[in-house]
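Visitor: In the order they appear, the protein sequences are chains A and B. One point on numbering: in UniProt numbering, the residue at position 423 of the first sequence is 423, and numbering is uninterrupted. One point on numbering: in UniProt numbering, the residue at position 104 of the second sequence is 104, and numbering is uninterrupted. Quick one: the structure is below, questions incoming.
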Amino acid sequence: MTRLQFHLVAAAGVLLLALAPALLSPFSITLMNFIGIYALAVLGLVLLSGIGGMLSFGQAAFVGIAAYATAWLTVKAGYSPWIGLVVGVVLTGLVAAILGAVTLRLGGHFLSLSTIAWGLATYFLFGNVPMLGQYNGISEIPPISIGGYALSSSNSIYYLIWVFVIVSLVLSANLLDSREGRAVRALRGGQVMTESLGINPFRVKLITFVIAALLSALSGWLYAHMSRFVSPAPFDVSVGILYLLMAMVGGMAYLSGAIVGAAVVTLLKNSIQDWLPVISPGASGQLEVIVFSVLFILVLQRARAGIVPLALRWLPRVQPTPPLASGSLVHRQQPERGQPILTIAGATRRFGGLLAVDNVSFEVKAGEILGLIGPNGAGKTTMFNLITGALPLNQGRISFLGQDISRHAQRQIARAGIARTFQHVKLRKTMTLLDTVLLGTYGRTSSGFFAGVLRLDRAEEARAQAEAMRQLQRVGLADRAFELAGNLPLGNQRLLEIARALAADPALLVLDEPAAGLRSAEKAELAHLLEALRAEGLSILLVEHDMDFVMGLVDRTVVMDFGAKLCEGTPAVVRSDPRVQEAYLGGVA
Amino acid sequence: MNGEIAAILAMDGIASGAIYVLIGLGLVLIFAVTRVIFVPFGDIAAFTALSLASLETGGRPGTVGLVAVLAVLATAVEAVALVRNRAFHRLPRALLFYLVLPLIPAAAVWFAAGTTFSMPVRIVLSLALVLPIAPLLDRIVFRPIADASVLLLLTVAVALHFALSGLGLMFFGPEGVRTKPLTDAVFDVAGLIVNGQMLLILAASIVFCGLLFLYFEFTIQGKALRATAVNRVGARLVGIRPTSTGTIAYLLASLLAGISGVLIAPVTTIFYDSGFLLGLKAFVGAIIGAMVSYPVTALGAVMVGLLESFTSFWLSAYKEVLVFSLLIPVLLWRSLAFAGTEEEEAEE
Numbered sequence: 001m002t003r004l005q006f007h008l009v010a011a012a013g014v015l016l017l018a019l020a021p022a023l024l025s026p027f028s029i030t031l032m033n034f035i036g037i038y039a040l041a042v043l044g045l046v047l048l049s050g051i052g053g054m055l056s057f058g059q060a061a062f063v064g065i066a067a068y069a070t071a072w073l074t075v076k077a078g079y080s081p082w083i084g085l086v087v088g089v090v091l092t093g094l095v096a097a098i099l100g101a102v103t104l105r106l107g108g109h110f111l112s113l114s115t116i117a118w119g120l121a122t123y124f125l126f127g128n129v130p131m132l133g134q135y136n137g138i139s140e141i142p143p144i145s146i147g148g149y150a151l152s153s154s155n156s157i158y159y160l161i162w163v164f165v166i167v168s169l170v171l172s173a174n175l176l177d178s179r180e181g182r183a184v185r186a187l188r189g190g191q192v193m194t195e196s197l198g199i200n201p202f203r204v205k206l207i208t209f210v211i212a213a214l215l216s217a218l219s220g221w222l223y224a225h226m227s228r229f230v231s232p233a234p235f236d237v238s239v240g241i242l243y244l245l246m247a248m249v250g251g252m253a254y255l256s257g258a259i260v261g262a263a264v265v266t267l268l269k270n271s272i273q274d275w276l277p278v279i280s281p282g283a284s285g286q287l288e289v290i291v292f293s294v295l296f297i298l299v300l301q302r303a304r305a306g307i308v309p310l311a312l313r314w315l316p317r318v319q320p321t322p323p324l325a326s327g328s329l330v331h332r333q334q335p336e337r338g339q340p341i342l343t344i345a346g347a348t349r350r351f352g353g354l355l356a357v358d359n360v361s362f363e364v365k366a367g368e369i370l371g372l373i374g375p376n377g378a379g380k381t382t383m384f385n386l387i388t389g390a391l392p393l394n395q396g397r398i399s400f401l402g403q404d405i406s407r408h409a410q411r412q413i414a415r416a417g418i419a420r421t422f423q424h425v426k427l428r429k430t431m432t433l434l435d436t437v438l439l440g441t442y443g444r445t446s447s448g449f450f451a452g453v454l455r456l457d458r459a460e461e462a463r464a465q466a467e468a469m470r471q472l473q474r475v476g477l478a479d480r481a482f483e484l485a486g487n488l489p490l491g492n493q494r495l496l497e498i499a500r501a502l503a504a505d506p507a508l509l510v511l512d513e514p515a516a517g518l519r520s521a522e523k524a525e526l527a528h529l530l531e532a533l534r535a536e537g538l539s540i541l542l543v544e545h546d547m548d549f550v551m552g553l554v555d556r557t558v559v560m561d562f563g564a565k566l567c568e569g570t571p572a573v574v575r576s577d578p579r580v581q582e583a584y585l586g587g588v589a
Numbered sequence: 001m002n003g004e005i006a007a008i009l010a011m012d013g014i015a016s017g018a019i020y021v022l023i024g025l026g027l028v029l030i031f032a033v034t035r036v037i038f039v040p041f042g043d044i045a046a047f048t049a050l051s052l053a054s055l056e057t058g059g060r061p062g063t064v065g066l067v068a069v070l071a072v073l074a075t076a077v078e079a080v081a082l083v084r085n086r087a088f089h090r091l092p093r094a095l096l097f098y099l100v101l102p103l104i105p106a107a108a109v110w111f112a113a114g115t116t117f118s119m120p121v122r123i124v125l126s127l128a129l130v131l132p133i134a135p136l137l138d139r140i141v142f143r144p145i146a147d148a149s150v151l152l153l154l155t156v157a158v159a160l161h162f163a164l165s166g167l168g169l170m171f172f173g174p175e176g177v178r179t180k181p182l183t184d185a186v187f188d189v190a191g192l193i194v195n196g197q198m199l200l201i202l203a204a205s206i207v208f209c210g211l212l213f214l215y216f217e218f219t220i221q222g223k224a225l226r227a228t229a230v231n232r233v234g235a236r237l238v239g240i241r242p243t244s245t246g247t248i249a250y251l252l253a254s255l256l257a258g259i260s261g262v263l264i265a266p267v268t269t270i271f272y273d274s275g276f277l278l279g280l281k282a283f284v285g286a287i288i289g290a291m292v293s294y295p296v297t298a299l300g301a302v303m304v305g306l307l308e309s310f311t312s313f314w315l316s317a318y319k320e321v322l323v324f325s326l327l328i329p330v331l332l333w334r335s336l337a338f339a340g341t342e343e344e345e346a347e348e
C-alpha cells in the first residue's frame, strides 16, 4: 500500500466517523463517546507504559484531577468550561511534574507500586474533601458550549470528543517520529544505552509522564462535561487497571492500540452488562468485575502483544516514507593526526578490597587505533567503564581533547565526542535501522518535544536523516534502512551499533569487544570498516579478546594484567615481550 | 493532646502496626522467593476473619466455596499441563495435592455446619480453610508465567486482587463482621488501661517474627527458601525446586496473613474487600524495607500503624490519603539514597 492509499483509507475512516451520528442510534453514539474518552486516557498510557516502559496504574487519578477541577470551577465558581479546561490541564500537568520528579528515578516495579499509592491517595482525597462533595461528588455540571451553542446532546459532544482523539493521535504519532520521540522509544533499552547517546533519560521520562497525564486531563475534562456529574468511583485504581486492560488488549506498543483497545473493552463491557443479569440476576455487579479481571489475566498470560500487531499481519504493509535526507549536519574538525586525544593518568578503581584498575596511564593519539588487551579479569571492562563514565574513578584523571572529564557523567562524555558500542549489543529490536542510527544524532540536533509534536523540526530532521543514511551507507546497511534492528544477524547488529555511534560524529570511537561472536567473514568486514574510519582521521580505542583481530589492525597496544598496565607498544613489540607471554601463556618453568 | 491520649494512640498504632508487620513479612517472603508482588495478600487476612466470624455463628463460611472453585481450577490447569507433557503417571499426585488436600478442611467445615466449636478449634479451622488459597492461586495464575518480568507479574497480581474481591463479595456477601474478642482481660499499666487483645496482638506478632527468624536460620527448608530468593538458577543447580519453594513460601506467608486476620477480626469490622487496604498498608512498610529486608519492613509497618493512629485523631477523614502519601517521601528518600544503584531494566 502506498502512502497515498494509506492517507485515503485514513480519510475515509474520518469521514465515516463524521457520518456516524446520522447512521447509528443515539445509544451507539453514547458508546462511541465513551470509547473516545477512554481512548484519550489510554493513548497516554500507551505512550507512557507501552512505549516508554513506565507502567502506571494511576492514570485514572489524572483523569479525575482534571474532571474535578473543571467540575468545581464551573459549578461552584461559575466559570466557563473552557476555563475549566485550561485550569484542569495546567493543574494536572503540575501534579504530574511533581509526582514524576519524585518517583521517576525509581526502577521498574517500584515506580508502578508508587502509582498505586498516589492513585489511591487521590481517590480518597476526592472522597473526603467537603468542597468536592465527598463521596456524593459534584452534579449539574454545565455542558461545553462553542459560540453560544451548548454541546448538551451526545450527538453534539461526539464531534468534540473525536476531534480531540484524532488530533491527539496525530500529534502523538508526530512525536514518536521526532528526535525526542525516538528517545522515548529508546528508554526501554536502559539507562546506560540512552546516556551513551547523550540522552538524559530522566528528563525524557518526566516529559513523557507529563504528556500522558495531559492526555488523561483532556479525557477527564470531556468526561465531566459529557456525564455532567463527577464522583470518586470512576477515578479509582480499579479504573486505572481497566485502562491498562484496554491498552494491553489493543496493543501496548501501538498508538492505534489505544483506540482499538478502548473500543473492544467498552463494547465488551456493554454486552456483558446486557447478559450478566440474565445469567445471574442480582449478582451482575461483582460478576462483571470477575469477568474483566479473569479476562485481563488471560490476556496477560497468553496474548500480551494485543490485537493491533495481529491485525497488522493481515493488513497490507504501508510503504515507508522515503527519508527526507537533504542537507547535512555540521561535522567536527578532527584533531590533527598524532596529537594526544585521550589521556589517562593514574586511573584507579576499587571494588571493596579489589583493585580492579590500579594506577593505569596511557594515551590515545588522534587518528590511531589503540588496542586494549589482557587476559580475563585484567580490568579491561572496568577501564572501559571509567573512560565512558559508566563508573566513577577513585583516583586519577582522564582528559579528552584537553578537557578534564574525570568527574563527567556518561551523558556529558558522550556529548564531548566519545561514542561507544556495547559488548552485548544494545539495540531496540522494534526500531528500524534508520531510526536506530538517527538516535545517534541526538546529541548533534536540538529539536524539542514541542517542535516534534508540531512538525516544526522537519528541516533539522532532513539533515539528521541524510546523516543517518550516510552512516548506514558507510557500514553497508543502507539498503535495509527500513528493516527492524531485531531482524539483523549479530554481525550486522554490531555494524549498526557502529553506525549509530558514528552518527554522533565522535572524535573517539570506543568499541567493547566488537569481534566477539562474529564469524571470520564478518570479522574481516569489521576490520575493513575500522581501517577506513582510521583513514578518515577518526581515533579508535578497541577493547578486545581476539588476538588475531587486534594484532592485524591496531597501531599500538596497551596490555593490562591484574588491573595494572603491563606494557605498551606496537603489536610486534608487545608480542615479543616476555611479560605478555607469561601473562597469557603462563611462565616458562 | 495530652500524654495520656498520646499513649493510647501510640498503643493503638503499635497494635495495628503489629498486624501490618505480619502481612508485610509475608509479602516480602513471597516476593523474595517468587518475584510476585502479591497484591491480593491482604485478602487472605480478610477471608480468615470472615471465616472465623462465620464459624462463630455456626454458619458455613464462604471460604468453602471459594477453595472448592480454586481447587477445581488448579487441578484442571495442572492436569492439562501434565497431559500435554504426557506425564500421566503424575496425575494421581496432582489430584491429591491440588484437589484432595485443599478440600479436606473445606469438607470438614461443610459437614460440621451448625456445630459450635470452641475458640481454638474455630481459629485452627479458619486458618486451615484459608491456607490453600494462595498456593492454588499461584498454580492457576502465576506458575504459567513464572519467568515473566516482575512488572508483568505485578500487573497480574493487581488484576487478581479485583477478581478475588469480586469472588469475595459472591461468597461472603456484603455484610461486615466482627468476632468475639480472644480475651476479655484488661490490665492497668501505670494508670493506663491496656486491653488483653492488644497485648495478644503484640505477643503474636513478636512470636511469629521470632519463629520466622528461627526457621530461616536453622532449618534446611528455610535456607532453601533464602537460596531461591538470592538466585533462582543457582538454587536449581543445587537441587532446590523453585516451584516447591514457591508453594512453601505461599503457605508460610498465608499462615502469617491468616493469623493477622484472626487477630484483627475482633478489633475492626471486616468486609469482603477490607483486605486491599490492609495489604496495601503493609506494602508501604514492605517498600520502606525495599521488598527485601525483613527487619526494616517490620519497622516500616509499625511506622505506618503509628501514622495511621495519630492521623485518625487529628484528621480522621484524611487517614488513608496520608498513609498512601507517606509512600512518596519514602520513595524520594529511596531514589536519592540509592541513585544509580538500580539494576539495569530488562528488555522485554
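Ideal Cβ positions, reconstructed from N, Cα and C, are used throughout, including at glycine. Since the model is a prediction, treat every value here as computed from it, not as a measurement.
#1: Would you call the segment 32-43 of chain A and the segment 157-177 of chain A in contact, with 3 or more CB pairs under 8 Å?
#2: Can you list, in chain order, the residues of the segment 294-305 of chain A whose Cβ is nearer than 8 Å to any Cβ on chain B?
#3: Thinking C-alpha only, which one of S316(B), I328(B), L306(B) is nearest L9(B)?
#4: Check for me: the beta strand (DSSP E) holding P340(A) runs from which residue to which?
#5: Applying a beta-carbon distance threshold of less than 8 Å, which residues of chain A neighbour S325(B)?
#6: Tell me, please, which residues DSSP counts as bridged to G569(A).
#7: Determine the DSSP secondary structure at G168(B), reduced to helix, strand or coil.
#8: When you compare only the Cα positions, how much space is there between G340(B) and I199(A)?
#9: Unbroken alpha helix (DSSP H) runs of length 4 or more, entirely within the segment 254-281 of chain A: which are they?
#10: Give me the Cα-Cα distance between S145(A) and V167(A), rounded to the nearest whole angstrom.
#11: Among D435(A), E363(A), Q423(A), G240(A), which has the Cα closest to the Cα of P322(A)?
#12: If you pair each beta-carbon of the segment 464-475 of chain A with each one of the segment 488-503 of chain A, do three or more pairs fall below 8 Å?
#13: Let me check one thing: in DSSP terms, what residues is S145(A) bridge-paired to?
#14: How would you call S54(B), buried or exposed, if buried means at least 16 neighbouring beta carbons within 10 angstroms?
#15: According to the Cβ coordinates, are L477(A) and L456(A) closer than 8 Å?
#16: In terms of residue numbering, what span does the beta strand (DSSP E) encompassing R397(A) cover?
#17: Does the separation of the CB atoms of T103(A) and S114(A) fall below 8 Å?
#18: Just checking, does the segment 69-89 of chain A make contact with the segment 286-304 of chain A on the three C-beta pairs under 8 Å criterion?
#19: Could you tell me which residues DSSP puts in a beta bridge with I138(A)?
#20: Put E536(A) into one of helix, strand or coil per three-state DSSP.
#21: I'd like to check one pair, F31(B) with N291(B): are the Cβ atoms closer than 8 Å?
#22: Have a look at T245(B), V262(B), R139(B), E56(B) and flag the residue whose alpha-carbon is nearest the alpha-carbon of F47(B).
#23: Return the residues of the segment 224-249 of chain A that lie within a Cβ-Cβ distance of less than 7 Å from chain B, sorted by chain order.
#24: Examine chain A for any beta-carbon lying closer than 8 Å to the beta-carbon of L151(B), and answer yes or no.
#25: For A41(A) and I241(A), what's the separation of their Cα atoms in angstroms?
#26: May I have the straight-line CA-CA distance separating G251(A) from R304(A), to the nearest angstrom?
#27: At 4 residues or longer, and completely inside the segment 192-220 of chain B: list those alpha helix (DSSP H) runs for me, N to C.
#28: Leaving out five residues before and five after V130(B) in sequence, what residues of the same chain have Cβ atoms less than 7 Å from its Cβ?
#29: Per DSSP, which residues does G371(A) bridge with? Please list them.
#30: Provide the residue span of the beta strand (DSSP E) that contains A306(B), from first to last.
#31: May I ask you to report which of helix, strand or coil DSSP gives T57(B)?
#32: Between which two residues does the beta strand (DSSP E) harbouring residue 608(A) extend?
#33: Among the residues of its own chain, which have a CB less than 8 Å from the CB of G374(A), if the five just before and after it don't count?
#34: Against V141(B), what residues of chain A qualify as contacts under a CB-to-CB distance less than 9 Å, listed in chain order?
#35: With 16 as the cutoff for other CB atoms within 10 Å, does H89(B) come out buried or exposed?
#36: Run down chain B in chain order and give the residues with a C-beta less than 8 Å from the C-beta of S56(A).
Guide: Looking at the coordinates:
#1: Because the criterion of three Cβ pairs below 8 Å is met, the segment 32-43 of chain A and the segment 157-177 of chain A touch.
#2: Listed by position along the chain: V294, F296, I297, L300, Q301, R304.
#3: Comparing alpha carbon positions, the residue from S316(B), I328(B), L306(B) closest to L9(B) is L306(B).
#4: Where P340(A) is concerned, the enclosing beta strand (DSSP E) stretches over 340-351.
#5: Simply A117, W118, A121.
#6: The secondary-structure analysis by DSSP pairs G569(A) across a beta bridge with T557(A).
#7: The answer is helix: DSSP assigns G168(B) an H, G or I state.
#8: Confidence in G340(B) is poor, its pLDDT being 46 and thus under 50, which makes the residue's placement too unreliable to answer from.
#9: At a cut-off of 4 residues, the continuous stretches assigned as alpha helix (DSSP H) that sit fully inside the segment 254-281 of chain A are 255-279.
#10: Taken atom to atom, the span from the alpha-carbon of S145(A) to that of V167(A) is near 20 Å.
#11: Closest in alpha carbon position to P322(A), among D435(A), E363(A), Q423(A), G240(A), is D435(A).
#12: These segments touch.
#13: For S145(A), the pairing in a beta bridge is given by DSSP as A150(A).
#14: Result: buried.
#15: No; because the gap between Cβ atoms is not below 8 Å, this pair is not in contact.
#16: Segment 395-400, the beta strand (DSSP E) holding R397(A).
#17: Yes, the Cβ-Cβ distance between T103(A) and S114(A) is below 8 Å.
#18: Fewer than three Cβ pairs drawn from the segment 69-89 of chain A and the segment 286-304 of chain A lie within less than 8 Å of each other, which leaves the two stretches out of contact.
#19: Looking at the DSSP assignment, I138(A) forms a beta bridge with V230(A).
#20: Residue state for E536(A) is assigned as coil, using DSSP reduced to three classes.
#21: According to the sequence displayed, residue 291(B) carries Met and not Asn. Yes, the pair counts as a contact, with Cβ atoms nearer than the cut-off.
#22: Considering only alpha carbons, the answer is V262(B).
#23: So the list reads S238, I241, L244, given in the order they occur along the chain.
#24: So, interface residue.
#25: In this structure, the CA atom of A41(A) is about 12 Å from the CA atom of I241(A).
#26: Their Cα atoms are separated by approximately 8 Å.
#27: Taken in chain order, the complete alpha helix (DSSP H) segments of 4 residues or longer contained in the segment 192-220 of chain B are 196-218.
#28: These residues qualify, in order along the chain: I44, F47, T48, S51, T63, S254, G258.
#29: According to DSSP, which records beta bridges pairwise, G371(A) is partnered with L542(A), T557(A).
#30: Strictly speaking, residue 306(B) in this sequence is Leu, with Ala absent from that position. Judged by DSSP secondary structure, L306(B) falls outside any beta strand (DSSP E) and instead within the alpha helix (DSSP H) spanning 294-314.
#31: T57(B): coil per DSSP, three-state reduction.
#32: Missing from the structure shown is residue 608(A); chain A here goes from 1 to 589 and no further.
#33: Excluding positions up to five away in sequence, the list reads K380, V559, M560, D561, L566, A583.
#34: I297, Q301, listed in chain order.
#35: Only exposed fits H89(B), as fewer than 16 other CB atoms lie within 10 angstroms of its CB.
#36: Going along chain B, no residue has its Cβ under 8 Å from S56(A), so there is no contact; the nearest lies around 11 Å.
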